[in-house]
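Everything on this sheet refers to the single structure shown next.
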Amino acid sequence: MRPRKSPAPTKDAGPSPSSAPVGWTDRALLTLALVAGIAVTAAGEWELARQVGIAPVVAPLLAVVIDVYVIAAVRAGQGRDVVAALAMMGGAQVAAHLLSTRHIGSSVALVAAVSLVAPVVIWRVHALAGAGKSVVIQRTPEPTVNVSRASTPPWKPAMTKWPPAFQPPAVGPVKAALTSRPKVVTAHVSPEPEEAAKSPQKPQAEEVVRRLYDELGGKRPGTGHIRDALKAAGLPCSDGTCRETRKRVEAKEPELKALPPA
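Here it is, written out as structure tokens:
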């Protein structure tokens, strides 16, 4: 696979117009013409989109669609697309001015034509995006034949019809395997740790939390109530301690868990 090459220019053909360097003056003029042209035509295309019923939020996108098509066609150098893009831009300007001066109305044909602008531009811009890519030609390689050895059969080693029988190697007497003495490993295991003594603060915390159920009028205290009560009693009052203390109290009296929250 190899890309198709364009024919080489002759010596007398002269320099190519595209190879000539572009000065800053030319670049400034090109940029000015592009910006001014888009600014002038965008207002008319926006008004045309609003007149045919396109939502005001997306109406400016009609101008973007047409301008993108014009720029893509000019950069790709496709003559038919350049003519079609400029005709689309000019037609949009004419229709917008005729609508604004009330010479024509929003007919069915005009609405249909404006509605088809976006799909056509999407199709043509995608087609122009691949117009400048090189065309790849795939050629099938020709088969090669070795003429010098075409009539000579391949060499094969001479061998008998039946191979000789396999002779197993001689095996000596089997000796009894030596049994190794097992190694005894003594592990020192520390005795089980004694159960940690219960904290004397837990019963006090449970009493404080149990009193909250009565002080709140038969309602289930929240974490904030428990924290304030434990803090006032000088006991640990983290969120985890509050929840665990309430859990122990309700485990002793399960009916407390069904009370409404405070």
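To convert, note that position 197 of the sequence shown is 197 in the UniProt record's numbering; the numbers rise steadily by one, no gaps.
Quick reminder that beta carbons are idealized off the backbone N, C-alpha and C, glycines included.
- Item | P119 (DSSP reduced to helix, strand or coil) | helix
- Own chain residues within Cβ distance below 7 Å of Q93, not counting five before or after: T41, G44
- Taking the alpha-carbon positions, what's the I122 to L48 distance? 19 Å
- Which first and last residues belong to the alpha helix (DSSP H) in which S100 is found? 79 to 100
- Outcome for T31 when other beta-carbon atoms lying within 10 angstroms are tallied against a minimum of 16: exposed
- Cα-Cα separation, R248 to V209: 10 Å
- Query: I38 lies in the alpha helix (DSSP H); which residues open and close that run?
  - Reply: 24 to 51
- So A95 packs on L116, CB below 8 Å; how close in whole Å? In fact, because the Cβ distance is near 13 Å, the residues do not count as touching under 8 Å.
- Measure the alpha-carbon distance for residue 266 versus V68 and round it to whole angstroms. A question about residue 266 goes unanswered here, because the residues of the chain that appear run from 1 up to 262.
- Query: Run through DSSP, which three-state label would P200 get?
  - Reply: coil
- Message: Does P261 come out as helix, strand or coil in the three-state DSSP assignment?
- Response: strand
- Item | Minimum length 3: unbroken beta strand (DSSP E) runs contained in the stretch 212 to 251 | none
- Give every residue of the same chain whose Cβ lies closer than 6 Å to the Cβ of V114, excluding the five residues on either side of it in the sequence, and list them in chain order. V52
- Helix, strand or coil: which one does DSSP assign to V209? helix
- Item | Residue from R246, I38, M88, G37 with nearest C-alpha to K219 | R246
- Task: Over the uninterrupted alpha helix (DSSP H) stretch that includes P169, give me the two end residues.
- Result: Careful: P169 lies outside any alpha helix (DSSP H) and carries neither H nor E.
- Message: Using only the alpha-carbon positions, how far apart do P261 and L61 sit?
- Response: 57 Å
- Item | S100 to V58 span [Cα, whole Å] | 20 Å
- Cut-off 7 Å between Cβ atoms - residues of its own chain near R124, not counting five sequence neighbours on either side: Y69, D81
- Using the Cα positions of A33 and A39, report the straight-line distance between them to the nearest angstrom. 10 Å
- Quick one: is residue 263 buried, meaning 16 or more other Cβ sit within 10 Å of its Cβ, or exposed? The structure shown does not extend to residue 263, since the chain spans only 1 to 262, so no value can be given for it.
- Tell me which same chain residues have a C-beta within less than 6 Å of the C-beta of K231, skipping the five on either side of it? C237
- Task: Return the chain-ordered list of same chain residues with a C-beta closer than 7 Å to the C-beta of T223, the five sequence neighbours on each side being excluded.
- Result: D239, C242, R243
- Message: According to DSSP, simplified to helix, strand and coil, what is P56?
- Response: coil
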